[in-house]
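Enquirer: Residue numbers (numbering that gives the first Met the number 0), protein chains in the order written: chain R, 0 to 199; chain C, 0 to 199. In this text, a Cβ means the ideal position worked out from N, Cα and C, and glycines have one as well.
There are 2 protein chains.
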Amino acid sequence: MSRPDRYHHGDLHDTLLREAGVLLREQGVEGLSLRRLAERAGVSRTAPYHHFEDKNALLCALAERGFQRLEGLIDELSLDPADPEPGLRRFVRAYLRFASEDGERYELMFGRTLWKAGRPSAALTRVAHGCFRRYVEAMGVERLGGPRDGADPLRVAQASWATLHGLCRLLLDGIYLRREDMEAVSDQAVTLMLAGLTRG
Amino acid sequence: MSRPDRYHHGDLHDTLLREAGVLLREQGVEGLSLRRLAERAGVSRTAPYHHFEDKNALLCALAERGFQRLEGLIDELSLDPADPEPGLRRFVRAYLRFASEDGERYELMFGRTLWKAGRPSAALTRVAHGCFRRYVEAMGVERLGGPRDGADPLRVAQASWATLHGLCRLLLDGIYLRREDMEAVSDQAVTLMLAGLTRG
DNA sequence: GGTTGAATCTTGACGGCGTCAAAATAGCAC
DNA sequence: GTGCTATTTTGACGCCGTCAAGATTCAACC
Numbered sequence: 000m001s002r003p004d005r006y007h008h009g010d011l012h013d014t015l016l017r018e019a020g021v022l023l024r025e026q027g028v029e030g031l032s033l034r035r036l037a038e039r040a041g042v043s044r045t046a047p048y049h050h051f052e053d054k055n056a057l058l059c060a061l062a063e064r065g066f067q068r069l070e071g072l073i074d075e076l077s078l079d080p081a082d083p084e085p086g087l088r089r090f091v092r093a094y095l096r097f098a099s100e101d102g103e104r105y106e107l108m109f110g111r112t113l114w115k116a117g118r119p120s121a122a123l124t125r126v127a128h129g130c131f132r133r134y135v136e137a138m139g140v141e142r143l144g145g146p147r148d149g150a151d152p153l154r155v156a157q158a159s160w161a162t163l164h165g166l167c168r169l170l171l172d173g174i175y176l177r178r179e180d181m182e183a184v185s186d187q188a189v190t191l192m193l194a195g196l197t198r199g
Numbered sequence: 000m001s002r003p004d005r006y007h008h009g010d011l012h013d014t015l016l017r018e019a020g021v022l023l024r025e026q027g028v029e030g031l032s033l034r035r036l037a038e039r040a041g042v043s044r045t046a047p048y049h050h051f052e053d054k055n056a057l058l059c060a061l062a063e064r065g066f067q068r069l070e071g072l073i074d075e076l077s078l079d080p081a082d083p084e085p086g087l088r089r090f091v092r093a094y095l096r097f098a099s100e101d102g103e104r105y106e107l108m109f110g111r112t113l114w115k116a117g118r119p120s121a122a123l124t125r126v127a128h129g130c131f132r133r134y135v136e137a138m139g140v141e142r143l144g145g146p147r148d149g150a151d152p153l154r155v156a157q158a159s160w161a162t163l164h165g166l167c168r169l170l171l172d173g174i175y176l177r178r179e180d181m182e183a184v185s186d187q188a189v190t191l192m193l194a195g196l197t198r199g
């Protein structure tokens, strides 16, 4: 399938997703236009509309794939209740690597393009929330030294994700963080949070 | 100045900034087009180009104004070395209010539109970095119980700002946070950080 | 094998965008 | 009044997402 000079492409759906991924990585969301994408796939400008409802739908599919990969990362997160620190630091490093290796994808997954300006698909919403749910479970405060005064597991999970997310955004947008400082800052954050959680 | 039927507007520069602010607040960056803005100001599509080099420059000016307001907030942040907690919580609340009262402005100030996809002006970069510098000074770890092992003030400031920023982004983009949960999550974050900082 | 209907892909068009170029107009110094 | 400059205008270009209508291919059924 997918011979160069056939009227029917044969594999356009997957080709579009793949090429869109490349375009996204190379040029960012701004450089990902349906027209350019179609040209790369060797097809006319409106052909993609037979495989995705519109641009928003295609971006959702792209983001979805990202969340699936992220979910894999979270699944590997297992904390030793007796000594959660190494597992936590491992996860934080993995998360930061994930975000910085394909920053444009991360941006798409969490950015306003889909969640605010666009219309996140049902599938995207499901996998994104599933991702967070798994994170809450894996982080479970009981694994970080047992429940204590005012340490609602959900709140701790939200707060720690926010920290991680904030680090990534500040880094990706290049405002207050440089790549070289990233690790030091995240280490500092983990230290603070862990100290806050395990003191007793 | 600024009579309705005059060839020269007389006050276009300021009018543009003001109307752009309104448009930004009401419609977000996506709804802020130069053409629409010009129409609102009662002027032709290309008139704004005599007051701002291009759209990027106008957005920079808009973001700049936001940072000036934020700087004011930070200037009011003074921590009592003996008991930094109330001051800190006050600041966090003020920061969150700032971000959520004009979310689109906050987005513009910190988002990729200018910092990644666009070209942040020298003035914008200056005021943004000045903002952060003041924050570092005001937060100074010595005010949070004196320097201690591995608590570089700069790192603590970066980590705490990242947390604050991450909270705002998650909230503004509407992914994992709802407005009602905001305060609880931020309280949790402050508690964790403070505990991490002040434990002996 | 030929017919029919659906899936897929094409060209053409529309309105919106940012922005450049050239012409028109107004204000100001002399 | 006469220029000079700042300001504003209309016109145009190329990009974008997307709709409509027509062309082409494929697959199922006779």
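If you check the beta carbons only, do Glu-100(C) and Leu-23(C) fall under 8 Å apart?
Expert: Locating residue 100(C) in the second sequence gives position 101, counting from the first residue. Locating residue 23(C) in the second sequence gives position 24, counting from the first residue. In this structure, Leu-23(C) does not lie closer than 8 Å to Glu-100(C) by Cβ.
Enquirer: Who are the neighbours of Met-138(R) on chain C, taking C-beta pairs under 9 Å?
Expert: Within the first sequence, residue 138(R) is the residue found at index 139, counting from 1. Simply none; closest approach about 13 Å.
Enquirer: What whole-angstrom Cβ distance do Thr-162(R) and Gly-195(C) have, given they're in contact under 8 Å?
Expert: Stepping through the first sequence from its first residue, residue 162(R) is reached at position 163. Stepping through the second sequence from its first residue, residue 195(C) is reached at position 196. So it is not a contact: roughly 12 Å between Cβ atoms.
Enquirer: Give the range of the alpha helix (DSSP H) segment to which Arg-177(C) is assigned.
Expert: Locating residue 177(C) in the second sequence gives position 178, counting from the first residue. That residue, Arg-177(C), is in no alpha helix (DSSP H); it is neither H nor E in DSSP.
Enquirer: Can you name the residues of chain C whose CB is closer than 9 Å to the CB of Ala-56(R)?
Expert: Here residue 56(R) is taken as the residue at index 57 of the first sequence, counted from 1. Under the 9 Å cutoff, chain C gives no residues; its nearest Cβ is about 18 Å from Ala-56(R).
Enquirer: Do Leu-153(R) and Leu-191(C) count as a contact pair if the criterion is CB distance below 8 Å?
Expert: Numbered from its first residue, the second sequence carries residue 191(C) at position 192. Numbered from its first residue, the first sequence carries residue 153(R) at position 154. No, these two residues do not count as a Cβ contact at 8 Å.
Enquirer: Is Arg-133(C) near Asp-74(C), with beta carbons less than 8 Å apart?
Expert: The residue you call residue 133(C) lines up with position 134 of the second sequence. The residue you call residue 74(C) lines up with position 75 of the second sequence. Contact flag set, yes.
Enquirer: Among Leu-58(R), Arg-34(R), Met-138(R) and Asp-82(R), which one has its Cα closest to the Cα of Arg-118(R)?
Expert: If you number the first sequence from 1, residue 118(R) lands on position 119. Nearest of Leu-58(R), Arg-34(R), Met-138(R) and Asp-82(R) to Arg-118(R), Cα basis: Leu-58(R).
Enquirer: Could you tell me which chain C residues have their CB closer than 8 Å to the CB of His-8(R), listed as they occur along the chain?
Expert: Here residue 8(R) refers to the residue found at position 9 when the first sequence is read from its first residue. Neighbours of His-8(R) on chain C: none; closest Cβ ~31 Å, over 8 Å.
Enquirer: In chain R, which residues lie less than 8 Å from Asp-151(C) when you measure between Cβ atoms?
Expert: The residue you call residue 151(C) lines up with position 152 of the second sequence. Within chain R, the residues near Asp-151(C) are Ala-183 and Gln-187.
Enquirer: Might you give, ordered along the chain, the residues of its own chain that have their beta carbon closer than 6 Å to the beta carbon of Tyr-94(C), omitting 5 neighbours on each side?
Expert: Along the second sequence, read from residue 1 onward, the residue named residue 94(C) stands at position 95. Excluding sequence neighbours, Tyr-94(C) sits near Leu-163.
Enquirer: Which word fits Gly-110(R), buried or exposed, when buried means at least 16 other C-beta atoms lie within 10 angstroms of its C-beta?
Expert: Position 111 of the first sequence, counting from 1, holds the residue named residue 110(R). So Gly-110(R) ends up on the buried side.
Enquirer: Pull up the CB-CB distance for Ala-137(R) and Ile-174(C), whole angstroms please, since I reckon it's below 8 Å.
Expert: Locating residue 137(R) in the first sequence gives position 138, counting from the first residue. Locating residue 174(C) in the second sequence gives position 175, counting from the first residue. So it is not a contact: roughly 18 Å between Cβ atoms.
Enquirer: Can you find the residues in the same chain that come closer than 7 Å, C-beta to C-beta, to Arg-88(C), ignoring five residues on each side of it along the sequence?
Expert: Counting from one through the second sequence, the residue named residue 88(C) turns up at place 89. Excluding residues within five positions, the ones whose Cβ falls inside 7 Å are Val-189.
Enquirer: List the endpoints of the continuous alpha helix (DSSP H) containing Lys-54(R).
Expert: The residue you call residue 54(R) lines up with position 55 of the first sequence. Per DSSP, Lys-54(R) belongs to the alpha helix (DSSP H) from 54-74.
Enquirer: Just to make sure I have the definition right: I need the residues of chain C whose C-beta is within less than 8 Å of the C-beta of Leu-69(R). Which are they?
Expert: Locating residue 69(R) in the first sequence gives position 70, counting from the first residue. Chain C residues near Leu-69(R): none, gap ~13 Å exceeds 8 Å.
Enquirer: What does the alpha-carbon distance come out to for the pair Thr-14(C) and Ala-40(C)?
Expert: The count along the second sequence starts at 1 and reaches residue 14(C) at position 15. The count along the second sequence starts at 1 and reaches residue 40(C) at position 41. About 7 Å.
Enquirer: Taking the alpha carbon of Arg-44(R) as the point to measure from, which residue in Arg-35(R), Val-21(R), Leu-169(R) and Asp-79(R) has its own alpha carbon closest?
Expert: In the first sequence, residue 44(R) corresponds to position 45, counting from 1. Nearest of Arg-35(R), Val-21(R), Leu-169(R) and Asp-79(R) to Arg-44(R), Cα basis: Arg-35(R).
Enquirer: Please confirm whether Gly-27(C) has its beta-carbon closer than 8 Å to some beta-carbon of chain R.
Expert: Counting from 1 along the second sequence, the entry for residue 27(C) is found at position 28. Yes - at least one Cβ of chain R is within 8 Å of the one on Gly-27(C).
Enquirer: Spatial neighbours of Leu-69(C) within its chain, please: C-beta separation below 7 Å, excluding the five flanking residues on both sides.
Expert: Reading the second sequence from its first residue, position 70 is the one you call residue 69(C). Answer for Leu-69(C): Phe-97 and Cys-130, listed in chain order.
Enquirer: I'd like to check one pair, Ala-62(R) with Leu-113(R): are the Cβ atoms closer than 8 Å?
Expert: What you label residue 113(R) is simply residue 114 of the first sequence in a count that begins at 1. What you label residue 62(R) is simply residue 63 of the first sequence in a count that begins at 1. It is a contact, given that the beta carbons lie within the stated cut-off.
Enquirer: When you check each C-beta in the segment 91-111 of chain R against every C-beta of chain C, which residues fall closer than 8 Å?
Expert: So the close ones are Glu-106, Phe-109, Gly-110 and Arg-111.
Enquirer: Under 9 Å between beta-carbons, which chain R residues line up against Leu-166(C)? List them in chain order, please.
Expert: For the purposes of this step, residue 166(C) is identified with residue 167 of the second sequence, where counting begins at 1. Within chain R, the residues near Leu-166(C) are Gln-157, Ala-158, Ala-161, Thr-162, His-164 and Gly-165.
Enquirer: Chain C partners of Gly-173(R), CB-CB under 7 Å?
Expert: What you label residue 173(R) is simply residue 174 of the first sequence in a count that begins at 1. Those within 7 Å of Gly-173(R) in chain C are Trp-114 and Lys-115.
Enquirer: Quick one: list the residues of chain R neighbouring Ala-121(C), beta-carbon separation under 8 Å, in chain order.
Expert: Residue 121(C) sits at position 122 when you count from the first residue of the second sequence. Result: empty, since nearest Cβ-Cβ is about 15 Å, beyond 8 Å.
Enquirer: With a threshold of 16 other CB atoms inside 10 Å of the CB of Val-28(C), please say whether the residue is buried or exposed.
Expert: Taking the second sequence and counting its residues from 1, one reaches residue 28(C) at position 29. Label assigned to Val-28(C): buried.
Enquirer: Threshold first: 4 residues or longer. Then list the alpha helix (DSSP H) segments lying entirely within the segment 106-142 of chain C, N to C.
Expert: For the segment 106-142 of chain C, whole alpha helix (DSSP H) runs of length 4 or above, ordered along the chain, are 111-114 and 121-138.
Enquirer: Starting from the C-beta of Glu-179(C), find all residues in its chain whose C-beta is less than 8 Å away, skip the five residues before and the five after it, and write them out in chain order.
Expert: Against the second sequence, residue 179(C) aligns to sequence position 180. Nothing meets the Cβ criterion.
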